[in-house]
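In the numbering used here, the protein residues as written are 28 to 363.
A virtual CB, placed ideally from N, CA and C, is assigned to each residue, including glycine.
Written out below as structure tokens is the structure these notes cover.
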């Protein structure tokens with residue numbers, strides 16, 4: 028039987044997930060939707076020709092008897108409220124990042140899930156489902172390059188809009204590295220520093236861009252992440268792991284190499300959705316399969332909390348210019 032899903036939030040990512048669950052993935056059916064704009068929610072249902080009910084709000088959708096699992100793709104500040112409501116209802120919930128807009132909010136979700144006694148929450152960090160990152164982790168875990176000593180990473184966007192602020196380089200952009208690098212290394216962060224190089228003339232007046240984030244892990248691995256959101260030339264994700272006996276690098280997305288006009292060239296993607304579209308499919312299919320099997324996996328509420336704690340430290344480091352400690356409480360045994 029198909030898993031009956033309710034979706035809270037029908038903006039761009041919500042629409043994409045509704046389409047994905049309805050037309051691409053196996054064993055899923057969207058039976059309920061809601062949005063702060065109910066007319067938009069109804070339009071999405073009509074456009075995708077769904078047999079789904081439009082509920083007046085997220086709480087009504089969560090309580091609906093026919094809804095077996097929930098996708099939270101609404102405005103970020105509403106995530107905490109809806110995830111907590113899903114846990115209280117005992118229903119599995121996939122929440123797009125952020126899990127909550129504060130580390131304290133994430134911790135409330137962790138505590139609620141632990142009190143419930145069973146994992147219900149999967150956080151929408153898609154990179155651990157990307158083929159390239161999985162291949163890179165397999166090399167690290169195999170020991171072929173020895174213990175990781177350093178990581179050199181970059182997260183580059185061609186441009187950002189006027190609403191993008193300096194702290195969003197952490198909360199909207201680096202947050203993906205904060206999650207996936209913990210997963211790659213099976214390690215936690217202990218300190219962070221943020222350095223601002225010469226500012227790009229392409230950056231808006233209110234935005235400091237680029238930034239370099241320097242992280243240290245509990246095992247002593249040093250990480251530098253370049254965040255450059257007005258690089259102009261494309262959407263470019265890089266990760267090089269320097270080990271004791273070798274180097275492993277995140278593979279480039281597969282593109283056709285061309286010889287034309289006296290040039291040898293490879294195209295560079297311009298949109299993050301194109302770069303990670305396959306990972307989105309895999310992560311949501313994993314959530315659906317996990318719920319149907321009675322066990323939610325993937326990035327956990329604890330992972331969402333750990334990323335939020337590190338992000339808070341990064342923002343403090345942005346403002347102070349100092350090295351800031353990252354202090355995580357002991358991970359509950361509940362999360363392995």
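Inset, instruction - Please report how far the alpha carbon of residue 256 lies from the alpha carbon of residue 92, in whole angstroms. - result: On the chain shown, position 229 is the one that residue 256 refers to. On the chain shown, position 65 is the one that residue 92 refers to. Straight-line Cα distance between these residues: approximately 44 Å.
Inset, instruction - With a threshold of 16 other CB atoms inside 10 Å of the CB of residue 174, please say whether the residue is buried or exposed. - result: Here the question's residue 174 lines up with position 147 in the chain shown. That one is exposed.
Inset, instruction - Would you identify the three-state DSSP class for residue 223, choosing helix, strand or coil? - result: If you number the chain shown from 1, residue 223 lands on position 196. Correct three-state label for residue 223: coil.
Legend entry - Residue span of the beta strand (DSSP E) that contains residue 342, given as start and end: Numbered from 1 along the chain shown, position 315 holds the residue referred to as residue 342. Counting along the chain, residue 342 falls outside any beta strand (DSSP E), though it belongs to the alpha helix (DSSP H) covering 328-347.
Legend entry - Opening and closing residue of the beta strand (DSSP E) in which residue 182 lies: In the chain shown, residue 182 corresponds to position 155, counting from 1. Residue 182 -> beta strand (DSSP E) spans 175-183.
Inset, instruction - Spatial neighbours of residue 143 within its chain, please: CB distance less than 6 Å, with the 5 preceding and 5 following residues excluded, ordered by chain position. - result: Taking the chain shown and counting its residues from 1, one reaches residue 143 at position 116. So the qualifying residues of the chain are 114.
Inset, instruction - Let me know the secondary structure DSSP gives residue 350 once reduced to three states. - result: Within the chain shown, residue 350 is the residue found at index 323, counting from 1. Three-state DSSP puts residue 350 in coil, outside helix and strand.
Inset, instruction - Please list, in chain order, all residues of the same chain as residue 258 whose beta carbon is under 7 Å from its beta carbon, the five residues on each side excluded. - result: Position 231 of the chain shown holds residue 258. Correct list, in chain order: 183, 184, 185.
Inset, instruction - On a CA-only basis, which of 119, 98, 272, 169 is nearest residue 323? Give me that one, please. - result: As a first step, residue 323 must be located in the chain shown, where it is residue number 296. The option with the nearest alpha carbon to residue 323 is 119.
Inset, instruction - Can you grab the Cα-Cα spacing for the pair residue 321 / residue 49, in whole Å? - result: Indexing the chain shown from 1 puts residue 321 at position 294. Indexing the chain shown from 1 puts residue 49 at position 22. Approximately 21 Å between the Cα atoms of the pair.
Legend entry - CB of residue 307 within 8 Å of CB of residue 153, strictly: Looking up residue 307 in the chain shown gives position 280. Looking up residue 153 in the chain shown gives position 126. Closer than 8 Å, so yes.
Legend entry - Contact between the region 279-288 and the region 204-213 (3+ Cβ pairs under 8 Å): no
Inset, instruction - Would you mind giving the Cβ-Cβ distance between residue 140 and residue 146, rounded to the nearest angstrom? I have them listed as a contact below 8 Å. - result: Here the question's residue 140 lines up with position 113 in the chain shown. Here the question's residue 146 lines up with position 119 in the chain shown. Their Cβ separation, rounded to whole angstroms, is 7 Å, which keeps residue 140 and residue 146 in contact under 8 Å.
Inset, instruction - Find out if the Cβ-Cβ distance for the pair residue 100, residue 123 is shorter than 8 Å. - result: Position 73 of the chain shown, counted from the first residue, corresponds to residue 100. Position 96 of the chain shown, counted from the first residue, corresponds to residue 123. Going by C-beta atoms, residue 100 is nearer than 8 Å to residue 123.
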